Ligand code: ZN
Ligand code: ZN
Ligand code: FE
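Here's what the structure looks like:
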């Protein structure tokens, strides 16, 4: 008889809550191995006892055949002396040191949908059907290791049938923590309405033009019929959100293709287990209300991702507006009581359920450009997945930026970016920010030794860092350097690059406001090589909200003869005030390219004041896509300064005779030419043939695709983001260089 050996494997990665132990059980039993498998808080531990050949086979197949949602980071192996086991078992979880990855929430799977559609099945039309391959995860987890009594499902006691599935290693629901059914699980109801058929009733209310709050996986949505112009208008009025596009949920991929162009890659992302909102080019808006996405050429579309979204669409043939239930970038509402209290002025009905949301998480927003997935907002379906770093960092917490905040907790070569948190100037968001940080530290068991914050003296995060200065080391990383570092860490690039940080605004090392920066260097350090010229802007936030003020500041400084020509954009008072502020030097100086987009948008009468972030730049981009030519404005680059005066001069001249879209396109082409020139110059200086793009301006798809294509034609290797947003949502990842070992 062959010799029996004992081997202990520790498997690290996303291996809990993804059907890993039943998979191990089945594999071990098939190979006639004895021993056990258990979840510990740091890993999945497997003891194998049997013939060496079978153990080798096990290890090979462990990697090759692991469950679809699992991600194996590494496997540690040790031969040990062990008592003799007579069978293979799944033994209770053990709590120990170390952290384990937590699975994000996963859209309902095909197998569950099939059961839900089967009249013979005991879960026929059950709104919370799930299995080890799908359903809620991060949003319901209270502690690790991931077990039912450490989730918000603990209050639902499994019935006999559910319990049997849960305990059967051969069932798809073996240790599926949210496992439940009509008899024992959560339920869904319309507040105040008794009905036999809740989904039919929801559809009736929607068709009737009503506005509904619907509790989802990570928070509430506000929903209405996207083809009902009155309903969408009413929603805009009630939510005090005049222009910012609403996301849509569509019944199926056929419906999406009716309204939008969908590439194979976009279809893959739409139908993926992460099920994000994908920005798709509008084919023909047809019956969708123009109020859904005014002045936009893209629709943000997602497919149903909970079982009850599907059940709703069984009675609906129209796209739904599905917008996050929050107020001006404050955290999304997640609790029933909160929803009823705070949404009463906005919605007519509430669709509620009694499975509590422990962690709020918004819908993710992505787009696909040139085959690359780009994040606008990284949240549901992706967070809290880790990003593997090309460097090692001390246990650290990067606090991120002020707007579009995310933070990142990290240790060794693992970084865990938080989901999108929001605007920290809002007290409620700040509270959620601090709570979520505490949750992360507890769940992932990383006690930070280093705190990294932005350099801005007035940021809330800077204040927060100060509070901890007696306990931990505090580091600061400049905002735009953090953008380039973020890109490099995101894609694991350790060599030197030419880095373009084209962005909104951030506090610079010279006390001025940066935002159009070109760096040379690597994660070991960046040198500012060039930047857009500083130009004066009167008023801080008020100028960002009113691009006409940026235009007046600029013209009054450099083209005073022209100022009267834009007088009609202002009240007398505002006109005089801005001019006076410029004359008295009550201005801030910035090199922000984002603000130059605002300037141009106002100069050519596209947008003079905005109601959501980057609106002026977005509408400028939309106008530019309507024109196709390759002309560009003259520009000067002298002593490391990219001057814009000649560009503005050209625009003012074109304005006499040319269409807005022509000028908008010419301006985009000019920025591409600048990037080409700068890259070529810096290549001659440094020999570097790799270029990186980061910063909010690269959310501009026209600019991103043109610049990438042109540089690649010139032989450059172009790096763009992959796992985190190019906007400020990616900053916290980049800040981690401050904690490099
Ligand atoms: Zn499933
Ligand atoms: Zn049950
Ligand atoms: Fe930024």
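Numbering (our numbering), first residue to last: 1443 to 2183.
Virtual Cβ for every residue (Gly too), placed ideally from N, Cα, C.
Bear in mind the structure is a predicted one, so any value in this text is a computation, not a measurement.
- Distance from the C-beta of residue 1553 to the nearest heavy atom of ligand 1 is below 7 Å.
- In this structure, the alpha-carbon of residue 1797 lies about 16 Å from that of residue 1601.
- Ranked by Cα distance from residue 1573, the options 1882, 1587, 1618, 1563 are led by 1618.
- A residue is called buried when at least 16 other Cβ atoms come within 10 angstroms of its Cβ; residue 1502 does not meet this threshold and is exposed.
- Ligand 2 approaches residue 1600 closely enough that one of its heavy atoms is under 7 Å from the residue's Cβ.
- At a threshold of 7 Å, residue 1625 counts as near ligand 2, since its beta carbon sits closer than that to one of the ligand's heavy atoms.
- Three or more beta-carbon pairs separated by less than 8 Å are not found between the stretch 1929–1948 and the stretch 2043–2051, which leaves the two stretches without contact.
- In this structure, residue 1814 keeps its C-beta atom at 8 Å or more from the C-beta atom of residue 1659.
- By the neighbour-count criterion, in which 16 or more other beta carbons inside 10 Å mark a residue as buried, residue 1732 falls on the exposed side.
- Boundaries of the beta strand (DSSP E) harbouring residue 1764: 1762–1766, taken from the DSSP string.
- Pairing residue 1787 with residue 1680 gives a Cβ-Cβ distance under 8 Å.
- Considering only 1790, 1866, 1924, 1886, the residue with the shortest C-alpha distance to residue 1901 is 1866.
- For residue 2037, the enclosing alpha helix (DSSP H) covers residues 2035–2045.
- Inclusion of residue 1572 in the 7 Å shell around ligand 1 follows from its C-beta lying nearer than that to a non-hydrogen atom of the ligand.
- Counted as a single uninterrupted DSSP element, the stretch harbouring residue 1860 is not any alpha helix (DSSP H), since DSSP gives it neither H nor E.
- Note: residue 1669 is not bridge-paired with any residue in the DSSP secondary-structure output.
- For the 8 Å CB-CB criterion, residue 2058 and residue 2040 form a contact.
- Nearest neighbour of residue 1954 by Cα position, chosen from 1925, 2031, 1899, 1559, turns out to be 2031.
- Sequence-distant partners of residue 2179 (beyond 5 residues in either direction) whose C-beta falls short of 6 Å from its own C-beta, in its chain, are 1927, 1965.
- Its chain contains 1685 as the residues whose beta carbon lies nearer than 7 Å to that of residue 1736, once the 5 sequence neighbours on both sides are disregarded; these appear in chain order.
- Short note on residue 1613: C-beta not closer than 7 Å to any heavy atom of ligand 2.
- Using a Cβ distance threshold of 8 Å, residue 1467 and residue 1449 do not count as a contacting pair.
- Excluding residues up to 5 positions away in sequence, 1569, 1630 lie with their Cβ nearer than 7 Å to the Cβ of residue 1750 in the same chain.
- Judged by their CB atoms, residue 1744 and residue 1717 are nearer to each other than the 8 Å cut-off.
- The three-state reading of DSSP puts residue 2165 in coil, since its state is none of H, G, I, E or B.
- By the CB criterion at 8 Å, residue 2120 and residue 2162 fall outside the cutoff.
- The shortest C-alpha to C-alpha distance from residue 1633 to any of 1608, 1657, 2075 is the one to 1657.
- Residue pairing from DSSP places residue 1489 in a beta bridge opposite 1450, 1478.
- Three or more beta-carbon pairs drawn from the stretch 2115–2133 and the stretch 2150–2165 are found closer than 8 Å, and the two stretches are therefore classed as touching.
- Under DSSP, residue 1791 takes part in a beta bridge, and its partners are 1654.
- DSSP, read as helix, strand or coil, puts residue 1691 in strand.
- DSSP places residue 1816 in the uninterrupted beta strand (DSSP E) bounded by 1814–1819.
- DSSP links residue 1969 through a beta bridge to 1962.
- Taking a cut-off of 6 Å from the heavy atoms of ligand 3, the residues with a C-beta inside it are 1921, 1925, 1945, 1946, 1948, 2137, 2138, 2170.
- Residue 1674 carries a helical assignment under DSSP once its states are collapsed to helix, strand and coil.
- Straight across, the Cα-Cα distance linking residue 1493 with residue 1526 is about 13 Å.
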